[in-house]
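For the sequence shown, numbering that gives the first Met the number 0 assigns the number 0 to the initial residue and increments by one for each residue that follows.
See structure below.
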Amino acid sequence: MLKPTIFAIASAALLTAVACGDSKKEPDTSDNVDVQATATATATTPPAETATPAPTETAAPTASAPPKPKGPGKTAAFIASNPKSAKPGTKVATALKPEDEAALRAKLDAAVEKEGEGTAFDGSPVAGRFKQGEVIELTVTIQPNKCYTVVAVSNDGITELDASVIVAAPIPGVPAQTVANDSTTGPDSTLGGGGNCVKSPIPTAAPATVQVKATKGGGTAAVQVLSK
């Protein structure tokens, strides 16, 4: 009866060993620990907030002041020429039509701005419609303590425009004296421009005639006297 008892004990021991081997747990490796820690940190740490940059203020552009005019400004309304020329036998141009004023005034204002730095208007501008050889004239009083600039422009076909200033002598019987005469060619004329204004040789105030002539061609023309 001894042999069966030993066999039963051996069988029980073998079953116990097999059961213990199946329930044994494998230890965690270092790689598994790192993966789990990274996953935990990713799941629990919120993303950092990105600051929104404040908008940059743009300075408003500074308005620049318009350039100050060098001349006396815009010319006044046109007036008609003296009805008769100071020179006998010379024909006077006819009055300017309203529809001719705008283009002629634009040219005159531009010429006054260019040539009239530091001057003031001496009377109103005179204008007319010319046939070749006709003139416009105006009378001014020349002062001995002033100097003068004459600006004349043309339009519509005048190819040679000439200007002159004739001062009457204060002594009876003495002929008038031409103190300025245009020596240039072209459809416009300036006397005493560019700072070289015209002065009277007479030491007292004296009447003077400013004449503008359409020497070649016909069209419209205007003249403005300036002084300083």
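Backbone N, C-alpha and C fix where the C-beta goes; we use that ideal spot for every residue, glycine too.
Reduced DSSP category for residue i - H, G, I as helix; E, B as strand; rest coil
{"i": "K69", "result": "coil"}
{"i": "E114", "result": "helix"}
{"i": "L103", "result": "helix"}
{"i": "P200", "result": "coil"}
{"i": "A119", "result": "strand"}
{"i": "E136", "result": "strand"}
{"i": "P186", "result": "coil"}
{"i": "A79", "result": "coil"}
{"i": "T214", "result": "strand"}
{"i": "P97", "result": "helix"}
{"i": "A109", "result": "helix"}
{"i": "S84", "result": "coil"}
{"i": "P169", "result": "coil"}
{"i": "T89", "result": "coil"}
Close-in-space but distant-in-sequence residues of the same chain around residue i (CB under 7 Å, 5 per side omitted)
{"i": "S163", "result": "T177, A179, N180, D181, Q210"}
{"i": "Q131", "result": "A213, K215, G216, G217"}
{"i": "V166", "result": "I141, A175, Q176, V178, S199, I201, A205, A207"}
{"i": "K69", "result": "E112, E116"}
{"i": "G156", "result": "G216, G217, G218"}
Segment limits, beta strand (DSSP E) that includes residue i
{"i": "D229", "result": "This structure does not reach residue 229, given that the chain is present from 0 up to 227, and the question cannot be answered."}
{"i": "T148", "result": "147 to 154"}
{"i": "G191", "result": "Careful: G191 lies outside any beta strand (DSSP E) and carries neither H nor E."}
{"i": "S163", "result": "159 to 166"}
{"i": "G127", "result": "125 to 129"}
Where residue i falls, given that 16 or more other Cβ within 10 Å makes a residue buried
{"i": "T138", "result": "exposed"}
{"i": "G172", "result": "exposed"}
{"i": "A119", "result": "exposed"}
{"i": "P82", "result": "exposed"}
{"i": "G191", "result": "buried"}
{"i": "G189", "result": "For the sequence presented, residue 189 should be read as Thr rather than Gly. Flag for T189 reads buried."}
Candidates the options, of which the one nearest residue i by Cα
{"i": "A151", "options": "D187, A119, I170, K130", "result": "D187"}
{"i": "E98", "options": "K86, G117, G127", "result": "G127"}
{"i": "T203", "options": "T89, N144, D161", "result": "N144"}
{"i": "E136", "options": "T93, T158, G193", "result": "T93"}
{"i": "A85", "options": "L107, E133, G72", "result": "E133"}
{"i": "C146", "options": "N81, A79, N195", "result": "N195"}
{"i": "V149", "options": "A102, V197, A109", "result": "V197"}
beta-carbon residue i near the ligand NAP non-hydrogen atom, thresh 8 Å
{"i": "T74", "result": "Of the ligands one can find in the structure shown there are none, so the ligand NAP has no counterpart to examine."}
6 Å Cβ shell around residue i - same chain, five flanking residues per side excluded
{"i": "V32", "result": "Below a pLDDT of 50, predicted positions are generally treated as unreliable, and V32, at 43, falls in that range; the measurement from the model is reported next regardless. Within the same chain, V32 has no close Cβ partners at all."}
{"i": "A75", "result": "S123"}
{"i": "A102", "result": "N154"}
{"i": "K90", "result": "E133"}
{"i": "V222", "result": "V125, A151, V211"}
Residues of its chain near residue i, where Cβ-Cβ distance is below 8 Å and the 5 sequence neighbours each way are ignored
{"i": "K96", "result": "R128"}
{"i": "P169", "result": "I201, T203, A205"}
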